[in-house]
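Below is one structure, written out as structure tokens; comments come after it.
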Amino acid sequence: MSAFIDTCVIWVVLYRLDGRDRQWVRALPPTAEAAVRALLLEELDELYGKRAELVSLRPAVDAERGAFLAGGLPMCPVAAPAGSATA
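Structure representation (structure tokens):
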């Protein structure tokens, strides 16, 4: 798995579910941001339908990538940390 992760881009996904901010961290093969955005919009729609909206998508910074690889950031959707930029 380490070899796969080393080739991935770690994405931080901020979205709203039922009006509440949520964060999702995903490791995906290198792909253009537009394709990643389309994939995540499709996944959010499949999971939550009209209840969810994508707020922002960005590559993880080095500290987030390190925390993710150490098991400190969840791969599943969770409440966004306090102070997360959602605009």
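Our numbering puts the first residue of the sequence shown at 1, with every later residue one more than the last.
Glycine included, every Cβ here is placed at the ideal spot set by N, Cα and C.
Residue interval of the beta strand (DSSP E) (run including residue i)
i	result
Val61	Careful: Val61 lies outside any beta strand (DSSP E) and carries neither H nor E.
Coil, strand or helix - residue i by DSSP
i	result
Asp18	coil
Ala52	strand
Arg32	First, the residue type needs correcting, since residue 32 is Ala and not Arg in the sequence shown. Three-state DSSP puts Ala32 in coil, outside helix and strand.
Ala70	coil
Alpha-carbon to alpha-carbon, residue j and residue i
i	j	result
Trp24	Ala3	22 Å
Leu41	Gly49	10 Å
Ala27	Val9	6 Å
Ala70	Ile5	12 Å
Thr7	Pro30	7 Å
Buried versus exposed call for residue i [16 or more other C-beta atoms within 10 Å across all chains shown]
i	result
Leu47	exposed
Val13	buried
Arg22	buried
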